[in-house]
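So the structure is just underneath, and the comments pick up after that.
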Amino acid sequence: MTAPHFHSTTEGRRIAYIRTMPEGDGANLPGIVFLGGFRSDMEGTKALWLEERARAEGRAFLRFDYSGHGQSSEDFLDGCIGDWASDAAQVIAAQAMGPQILVGSSMGGWISLLLARERPERVAGLVGIAAAPDFTEDSMWEGFSDKQRAEMEATGRVALPSDYSDEPYIITARLIEDGRRNLVLRSPLRLPFPVRLLHGTDDTDVPLTVPMRLISHAQAHDMRLTVMKGADHRFSAATDLHLIWSAVAEVTASLG
1 MTAPHFHSTT EGRRIAYIRT MPEGDGANLP GIVFLGGFRS DMEGTKALWL EERARAEGRA
61 FLRFDYSGHG QSSEDFLDGC IGDWASDAAQ VIAAQAMGPQ ILVGSSMGGW ISLLLARERP
121 ERVAGLVGIA AAPDFTEDSM WEGFSDKQRA EMEATGRVAL PSDYSDEPYI ITARLIEDGR
181 RNLVLRSPLR LPFPVRLLHG TDDTDVPLTV PMRLISHAQA HDMRLTVMKG ADHRFSAATD
241 LHLIWSAVAE VTASLG
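Counting from 1, one number per residue, gives the positions in the sequence shown under full-length UniProt numbering.
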(Lines of atoms letter the chains of each structure in order from A and count residues from 1; the text may use other names and numbers.)
(Lines give C-alpha, C1' and ligand atoms only; values in the text may rest on other atoms or scores of the structure.)
Protein backbone atom coordinates (compact mmCIF):
# COMPACT_ATOMS: atom_id res chain seq x y z
CA MET A 1 0.00 0.00 0.00
CA THR A 2 1.38 3.39 -1.01
CA ALA A 3 1.59 5.89 1.84
CA PRO A 4 -0.79 8.79 1.17
CA HIS A 5 -0.25 12.51 1.35
CA PHE A 6 -2.77 14.66 3.21
CA HIS A 7 -4.63 17.79 2.18
CA SER A 8 -6.15 19.99 4.89
CA THR A 9 -9.52 21.46 3.93
CA THR A 10 -10.72 24.89 4.98
CA GLU A 11 -12.85 23.11 7.60
CA GLY A 12 -9.79 21.39 9.07
CA ARG A 13 -10.47 17.90 7.69
CA ARG A 14 -7.39 15.93 6.61
CA ILE A 15 -8.01 14.23 3.27
CA ALA A 16 -5.74 11.33 2.33
CA TYR A 17 -4.80 11.28 -1.34
CA ILE A 18 -2.38 9.66 -3.76
CA ARG A 19 -1.39 11.43 -6.96
CA THR A 20 0.38 10.02 -10.01
CA MET A 21 2.14 12.65 -12.06
CA PRO A 22 2.00 12.56 -15.89
CA GLU A 23 4.90 11.59 -18.11
CA GLY A 24 5.59 11.88 -21.84
CA ASP A 25 2.70 12.45 -24.22
CA GLY A 26 0.22 11.73 -21.43
CA ALA A 27 1.13 15.05 -19.85
CA ASN A 28 -0.84 16.78 -22.63
CA LEU A 29 -4.05 14.92 -21.79
CA PRO A 30 -6.57 15.74 -19.05
CA GLY A 31 -5.86 14.09 -15.72
CA ILE A 32 -8.16 11.42 -14.28
CA VAL A 33 -9.76 11.60 -10.84
CA PHE A 34 -11.42 8.60 -9.21
CA LEU A 35 -14.27 9.32 -6.79
CA GLY A 36 -15.31 6.35 -4.69
CA GLY A 37 -18.62 5.26 -3.27
CA PHE A 38 -20.43 5.36 0.05
CA ARG A 39 -18.23 3.84 2.77
CA SER A 40 -15.60 2.77 0.23
CA ASP A 41 -11.98 3.94 0.05
CA MET A 42 -9.25 4.65 -2.46
CA GLU A 43 -7.68 1.19 -2.06
CA GLY A 44 -10.51 -0.54 -3.92
CA THR A 45 -10.14 -2.63 -7.08
CA LYS A 46 -11.37 0.03 -9.49
CA ALA A 47 -9.22 2.83 -8.07
CA LEU A 48 -6.02 0.78 -8.12
CA TRP A 49 -6.65 -0.69 -11.57
CA LEU A 50 -7.34 2.74 -13.06
CA GLU A 51 -4.21 4.11 -11.44
CA GLU A 52 -2.19 1.30 -13.02
CA ARG A 53 -3.62 2.01 -16.46
CA ALA A 54 -3.11 5.74 -16.09
CA ARG A 55 0.49 5.19 -15.01
CA ALA A 56 1.10 2.90 -18.01
CA GLU A 57 -0.12 5.61 -20.37
CA GLY A 58 1.64 8.47 -18.60
CA ARG A 59 -1.61 10.07 -17.46
CA ALA A 60 -2.04 12.16 -14.33
CA PHE A 61 -4.23 10.32 -11.82
CA LEU A 62 -5.68 11.26 -8.44
CA ARG A 63 -7.48 9.10 -5.90
CA PHE A 64 -8.50 10.09 -2.38
CA ASP A 65 -10.63 9.24 0.64
CA TYR A 66 -13.54 11.46 1.64
CA SER A 67 -13.52 12.52 5.30
CA GLY A 68 -14.66 9.65 7.49
CA HIS A 69 -13.53 7.16 4.85
CA GLY A 70 -10.34 5.16 4.54
CA GLN A 71 -7.28 6.99 5.83
CA SER A 72 -8.81 10.47 6.05
CA SER A 73 -9.76 12.15 9.31
CA GLU A 74 -13.19 12.45 10.95
CA ASP A 75 -15.90 9.97 11.89
CA PHE A 76 -17.96 8.53 9.05
CA LEU A 77 -21.22 9.08 10.95
CA ASP A 78 -20.55 12.82 11.16
CA GLY A 79 -20.28 13.16 7.39
CA CYS A 80 -22.77 13.95 4.64
CA ILE A 81 -22.95 14.51 0.88
CA GLY A 82 -22.13 18.21 1.13
CA ASP A 83 -19.01 17.54 3.22
CA TRP A 84 -17.78 14.86 0.84
CA ALA A 85 -18.42 17.01 -2.22
CA SER A 86 -16.46 19.82 -0.57
CA ASP A 87 -13.62 17.40 0.23
CA ALA A 88 -13.51 16.36 -3.41
CA ALA A 89 -13.64 19.91 -4.75
CA GLN A 90 -10.85 21.10 -2.47
CA VAL A 91 -8.43 18.23 -3.05
CA ILE A 92 -8.99 18.41 -6.83
CA ALA A 93 -8.44 22.17 -6.84
CA ALA A 94 -5.21 21.79 -4.89
CA GLN A 95 -3.74 18.62 -6.40
CA ALA A 96 -4.93 18.44 -10.04
CA MET A 97 -3.96 20.78 -12.85
CA GLY A 98 -6.61 22.01 -15.26
CA PRO A 99 -9.87 20.29 -16.26
CA GLN A 100 -10.09 16.64 -15.21
CA ILE A 101 -11.96 13.53 -16.32
CA LEU A 102 -14.00 12.51 -13.28
CA VAL A 103 -14.65 8.80 -12.80
CA GLY A 104 -17.34 8.45 -10.15
CA SER A 105 -18.45 5.12 -8.71
CA SER A 106 -21.90 4.89 -7.11
CA MET A 107 -22.03 7.84 -4.67
CA GLY A 108 -18.95 9.13 -6.48
CA GLY A 109 -21.17 9.56 -9.52
CA TRP A 110 -23.41 11.89 -7.51
CA ILE A 111 -20.37 13.78 -6.17
CA SER A 112 -19.06 14.11 -9.74
CA LEU A 113 -22.35 15.63 -10.88
CA LEU A 114 -22.26 18.12 -8.01
CA LEU A 115 -18.74 19.15 -9.00
CA ALA A 116 -19.83 19.44 -12.63
CA ARG A 117 -22.71 21.67 -11.62
CA GLU A 118 -20.71 23.91 -9.30
CA ARG A 119 -17.31 23.93 -11.05
CA PRO A 120 -17.85 23.00 -14.73
CA GLU A 121 -14.59 24.69 -15.74
CA ARG A 122 -12.67 21.99 -13.83
CA VAL A 123 -14.42 19.10 -15.58
CA ALA A 124 -13.25 17.88 -18.99
CA GLY A 125 -15.49 14.80 -19.01
CA LEU A 126 -17.31 12.38 -16.75
CA VAL A 127 -17.58 8.60 -16.43
CA GLY A 128 -20.28 7.35 -14.07
CA ILE A 129 -20.02 3.76 -12.82
CA ALA A 130 -23.34 2.60 -11.36
CA ALA A 131 -23.87 6.26 -10.57
CA ALA A 132 -26.27 6.91 -7.70
CA PRO A 133 -27.40 10.54 -7.76
CA ASP A 134 -29.90 11.54 -5.06
CA PHE A 135 -29.76 8.08 -3.43
CA THR A 136 -30.27 9.39 0.11
CA GLU A 137 -33.72 10.63 -0.92
CA ASP A 138 -34.84 8.28 -3.68
CA SER A 139 -33.46 5.03 -2.28
CA MET A 140 -32.95 5.46 1.45
CA TRP A 141 -35.71 7.84 2.56
CA GLU A 142 -38.26 6.62 0.06
CA GLY A 143 -37.50 3.03 1.09
CA PHE A 144 -37.93 3.63 4.82
CA SER A 145 -40.96 2.14 6.50
CA ASP A 146 -43.15 4.28 8.75
CA LYS A 147 -41.42 2.64 11.71
CA GLN A 148 -37.96 3.56 10.38
CA ARG A 149 -39.02 7.15 9.73
CA ALA A 150 -40.33 7.38 13.27
CA GLU A 151 -37.07 5.93 14.58
CA MET A 152 -35.09 8.48 12.55
CA GLU A 153 -37.18 11.32 14.00
CA ALA A 154 -36.81 9.99 17.56
CA THR A 155 -33.12 8.99 17.57
CA GLY A 156 -31.55 10.74 14.57
CA ARG A 157 -30.44 7.48 12.97
CA VAL A 158 -31.54 4.19 11.43
CA ALA A 159 -29.55 0.97 10.96
CA LEU A 160 -29.82 -0.72 7.55
CA PRO A 161 -28.44 -4.15 6.60
CA SER A 162 -25.44 -4.19 4.25
CA ASP A 163 -24.66 -6.62 1.43
CA TYR A 164 -20.97 -5.71 1.72
CA SER A 165 -20.30 -5.97 5.46
CA ASP A 166 -21.44 -7.80 8.58
CA GLU A 167 -21.93 -4.40 10.17
CA PRO A 168 -25.14 -2.51 9.33
CA TYR A 169 -25.15 0.90 7.64
CA ILE A 170 -26.02 3.61 10.14
CA ILE A 171 -27.98 6.28 8.30
CA THR A 172 -28.15 9.61 10.12
CA ALA A 173 -30.72 12.36 9.95
CA ARG A 174 -27.92 14.73 8.94
CA LEU A 175 -27.10 12.57 5.93
CA ILE A 176 -30.74 12.59 4.77
CA GLU A 177 -31.29 16.29 5.41
CA ASP A 178 -28.06 17.36 3.77
CA GLY A 179 -28.77 15.07 0.82
CA ARG A 180 -31.94 17.07 0.17
CA ARG A 181 -29.85 20.22 -0.15
CA ASN A 182 -27.65 18.57 -2.78
CA LEU A 183 -30.12 16.83 -5.10
CA VAL A 184 -29.19 17.01 -8.79
CA LEU A 185 -32.24 15.46 -10.47
CA ARG A 186 -34.73 18.15 -9.39
CA SER A 187 -33.22 21.24 -10.99
CA PRO A 188 -31.45 22.00 -14.27
CA LEU A 189 -28.23 20.01 -14.72
CA ARG A 190 -25.99 21.12 -17.57
CA LEU A 191 -23.18 18.77 -18.56
CA PRO A 192 -21.29 20.52 -21.39
CA PHE A 193 -18.69 17.78 -21.90
CA PRO A 194 -18.59 14.08 -22.86
CA VAL A 195 -20.41 11.84 -20.38
CA ARG A 196 -20.35 8.03 -20.32
CA LEU A 197 -22.52 6.08 -17.91
CA LEU A 198 -21.87 2.39 -17.19
CA HIS A 199 -24.39 0.14 -15.46
CA GLY A 200 -24.87 -3.56 -14.83
CA THR A 201 -28.03 -5.58 -15.34
CA ASP A 202 -27.41 -7.35 -12.01
CA ASP A 203 -27.02 -4.18 -9.96
CA THR A 204 -29.37 -4.67 -6.99
CA ASP A 205 -28.38 -1.39 -5.29
CA VAL A 206 -29.03 1.13 -8.04
CA PRO A 207 -31.74 0.21 -10.55
CA LEU A 208 -31.27 0.84 -14.26
CA THR A 209 -34.01 3.46 -14.05
CA VAL A 210 -31.53 5.79 -12.31
CA PRO A 211 -29.10 6.31 -15.24
CA MET A 212 -32.09 6.45 -17.61
CA ARG A 213 -33.58 9.21 -15.48
CA LEU A 214 -30.25 11.02 -15.43
CA ILE A 215 -29.97 10.90 -19.21
CA SER A 216 -33.50 12.23 -19.59
CA HIS A 217 -32.91 15.00 -17.06
CA ALA A 218 -29.45 16.32 -17.95
CA GLN A 219 -28.75 18.93 -20.60
CA ALA A 220 -25.89 17.30 -22.49
CA HIS A 221 -24.72 17.13 -26.10
CA ASP A 222 -22.61 13.95 -25.76
CA MET A 223 -24.01 11.54 -23.19
CA ARG A 224 -24.25 7.75 -23.54
CA LEU A 225 -25.23 4.80 -21.39
CA THR A 226 -23.64 1.35 -21.73
CA VAL A 227 -25.38 -1.55 -19.99
CA MET A 228 -23.23 -4.56 -19.14
CA LYS A 229 -25.13 -7.84 -18.95
CA GLY A 230 -24.36 -9.71 -15.72
CA ALA A 231 -22.43 -6.89 -14.03
CA ASP A 232 -23.35 -6.08 -10.43
CA HIS A 233 -23.01 -2.88 -8.43
CA ARG A 234 -19.31 -3.41 -7.73
CA PHE A 235 -18.57 -3.33 -11.48
CA SER A 236 -15.10 -4.73 -10.80
CA ALA A 237 -14.84 -7.94 -12.83
CA ALA A 238 -12.07 -7.93 -15.43
CA THR A 239 -14.46 -7.17 -18.29
CA ASP A 240 -16.04 -4.36 -16.25
CA LEU A 241 -12.67 -2.77 -15.55
CA HIS A 242 -11.70 -2.82 -19.21
CA LEU A 243 -15.03 -1.20 -20.06
CA ILE A 244 -14.33 1.58 -17.57
CA TRP A 245 -10.99 2.32 -19.18
CA SER A 246 -12.59 2.19 -22.63
CA ALA A 247 -15.06 4.83 -21.45
CA VAL A 248 -12.20 7.02 -20.19
CA ALA A 249 -10.43 6.60 -23.53
CA GLU A 250 -13.62 7.45 -25.41
CA VAL A 251 -14.12 10.61 -23.37
CA THR A 252 -10.49 11.55 -23.98
CA ALA A 253 -10.85 11.00 -27.74
CA SER A 254 -14.03 13.06 -27.80
CA LEU A 255 -12.06 15.99 -26.43
CA GLY A 256 -9.86 15.96 -29.53
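Heads up, the beta-carbon is just placed ideally off N, CA and C, and yes, glycines get one too.
Residue burial classification, residue i (beta-carbon count within 10 angstroms, cutoff 16)
| i | result |
| --- | --- |
| Asn182 | buried |
| Gly37 | buried |
| Ala253 | exposed |
| Ile170 | exposed |
| His221 | exposed |
| Lys46 | buried |
| Arg190 | exposed |
| Glu167 | exposed |
| Gly230 | exposed |
| Met21 | exposed |
| His5 | exposed |
| Ser8 | exposed |
Own chain residues within Cβ distance below 7 Å of residue i, not counting five before or after
| i | result |
| --- | --- |
| Arg174 | Cys80 |
| Gln148 | Val158 |
| Glu137 | Gly179, Arg180, Leu183 |
| Ile111 | Leu35, Trp84, Ala85, Ala88, Gly104 |
Given residue i as reference, the closest of the options once Cα atoms are compared
| i | options | result |
| --- | --- | --- |
| Phe76 | Arg196, Leu62, Ile15, Glu57 | Ile15 |
| Ala27 | Tyr17, Pro99, Gly36, Asp83 | Pro99 |
| Thr2 | Val33, Glu121, Ser145, Arg63 | Arg63 |
| Gly143 | Ser73, Val206, Thr239, Val127 | Val206 |
| residue 313 | Thr239, Phe193, Thr201, Lys229 | With the chain covering 1 to 256 only, the question about residue 313 has no answer from this structure. |
| Arg119 | Leu102, Asp146, Thr155, Gly128 | Leu102 |
| Gln90 | Pro22, Asp203, Asp65 | Asp65 |
| Arg39 | Thr201, Ser187, Ala247, Ser162 | Ser162 |
| Arg122 | Leu189, Thr10, Ala96 | Ala96 |
| Thr155 | Ser165, Thr172, Ser145, Trp141 | Thr172 |
| Ser73 | Gly12, Ala247, Ile18, Glu153 | Gly12 |
| Trp245 | Val33, Asp232, Leu114 | Val33 |
| Asp202 | Thr10, Ala237, Leu214, Pro188 | Ala237 |
| Pro188 | Ser139, Tyr164, Leu255, Leu114 | Leu114 |
Where the alpha helix (DSSP H) through residue i begins and ends
| i | result |
| --- | --- |
| Gln148 | 146-155 |
| Ser254 | 238-254 |
| Val91 | 81-95 |
| Thr45 | 45-56 |
| Ala173 | 173-180 |
Limits of the unbroken beta strand (DSSP E) element including residue i
| i | result |
| --- | --- |
| Gln100 | 100-105 |
| His217 | Not the beta strand (DSSP E): His217 falls in the alpha helix (DSSP H), residues 209-217. |
| Gly125 | 123-129 |
| Val33 | 31-35 |
| His7 | 5-8 |
| Met223 | 223-228 |
| Tyr164 | No beta strand (DSSP E) contains Tyr164, which DSSP labels as neither H nor E. |
| Thr20 | 14-20 |
| His199 | 195-200 |
Same chain, Cβ closer than 8 Å to residue i, five either side skipped, listed in chain order
| i | result |
| --- | --- |
| Pro211 | Gly128, Ala131, Leu197, His199, Leu225 |
| Glu43 | Met1, Gly70 |
| Glu250 | Pro194, Arg196 |
Cβ neighbours of residue i in the same chain (closer than 6 Å, five flanking residues each side left out)
| i | result |
| --- | --- |
| Gly82 | Asp178, Asn182 |
| Thr209 | none |
| Glu23 | Gly58 |
| Met107 | Gly37, Phe38, Ala132 |
Contact the stretch 183-190 vs the stretch 127-147: 3+ CB pairs below 8 Å: yes
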